């Protein structure tokens, strides 16, 4: 683990005062099966997801003053989506530093992509706790900045983006995703997620990662609510 910590500190350009934070950020749940909550990257992933989202939202708001709310939403979601985060983490070399358990080894590219996405968020959370907002902001801007393309804002790119744009336009509220169930072993889990709009459940979904389940729940909500991609088209969820 010491070698991994030294390597990621070099990538980040930051020496951790609390090295336990970065150790946890690199630890896949499969490596600590049967241990108590908080022995892997999941809690830091939860924190990092919010931190990265806030940093990206602030930067886009300041950088593109002419963009509408919907365009900013689509651009933000493209940056904090699984494919982008996993690709950035791979380019940074995080893949060689993640600690996997035997049950996860050999599960293939899909498992690695999910792990890379989660570790990017967990590392951001660890950096925020150890170094503060400014250092974390610099890291996120340096690594995600090159992936910003205003062209992405021209059309919705994901079910979560379409649902969020529609509900914010019609109800001025954002969808809320809640994990409602998890089954299967740590190396091959299935997550169940519900999406709520204004406190009411409007969709459900399952997936092999939390974000995949959220996407499925958003797609279900879009179908149930009758939303489509035409501007101004809405549905009544009251």
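In the numbering used here, the protein residues as written are 50 to 287. Beta carbons: idealized from backbone N, C-alpha and C, even for Gly. From a predicted model like this one, the values you see are computed outputs, not experimental measurements.
Cβ-Cβ separation, residue j to residue i (assumed contact under 8 Å), whole Å
| i | j | result |
| --- | --- | --- |
| residue 137 | residue 75 | The pair is not a contact, with the Cβ atoms about 16 Å apart (cut-off 8 Å). |
| residue 126 | residue 209 | 6 Å |
| residue 254 | residue 268 | 7 Å |
| residue 150 | residue 94 | That pair is no contact at about 17 Å. |
| residue 61 | residue 177 | Not a contact, Cβ separation roughly 12 Å. |
| residue 184 | residue 220 | Not really, about 37 Å apart at Cβ, beyond 8 Å. |
| residue 146 | residue 56 | 6 Å |
Distance between residue j and residue i (C-alpha atoms, nearest Å)
| i | j | result |
| --- | --- | --- |
| residue 231 | residue 80 | 18 Å |
| residue 64 | residue 103 | 24 Å |
| residue 275 | residue 68 | 49 Å |
| residue 179 | residue 169 | 15 Å |
| residue 119 | residue 243 | 23 Å |
| residue 249 | residue 173 | 32 Å |
| residue 182 | residue 222 | 26 Å |
| residue 235 | residue 58 | 28 Å |
| residue 227 | residue 143 | 28 Å |
| residue 287 | residue 270 | Its pLDDT being 44, under 50, residue 287 is placed unreliably by the model, and the measurement read from it follows with that caveat. So the alpha carbons of these two residues sit roughly 14 Å apart. |
| residue 187 | residue 141 | 15 Å |
| residue 73 | residue 165 | 14 Å |
| residue 272 | residue 207 | 14 Å |
| residue 198 | residue 115 | 15 Å |
| residue 240 | residue 163 | 13 Å |
| residue 279 | residue 113 | Residue placement at residue 279 is poorly supported in this model, since its pLDDT is 41, which falls under 50; the coordinates are not used for a value here. |
| residue 193 | residue 85 | 33 Å |
| residue 50 | residue 161 | 19 Å |
| residue 66 | residue 251 | 44 Å |
| residue 92 | residue 98 | 10 Å |
| residue 139 | residue 229 | 30 Å |
| residue 90 | residue 175 | 9 Å |
| residue 77 | residue 88 | 9 Å |
7 Å Cβ shell around residue i - same chain, five flanking residues per side excluded
| i | result |
| --- | --- |
| residue 108 | 190 |
| residue 129 | 101, 102 and 105 |
Contacting residues, own chain, Cβ-Cβ under 8 Å from residue i (five flanking each side not counted)
| i | result |
| --- | --- |
| residue 122 | 210, 213, 214 and 217 |
In DSSP terms, what residue i is bridged to
| i | result |
| --- | --- |
| residue 241 | 230 and 255 |
| residue 81 | Bridge partners of residue 81: none, in fact. |
| residue 76 | 148 |
| residue 260 | Paired residues: none, contrary to the question. |
| residue 249 | 246 |
| residue 225 | 245 |
Close Cβ partners of residue i (< 6 Å) along its chain, the five nearest in sequence each way excluded
| i | result |
| --- | --- |
| residue 258 | 163 |
Contact test: residue i Cβ vs the ligand GTP heavy atom, cutoff 8 Å
| i | result |
| --- | --- |
| residue 126 | Among the components of this structure there are no ligands whatsoever, and the ligand GTP is therefore not found. |
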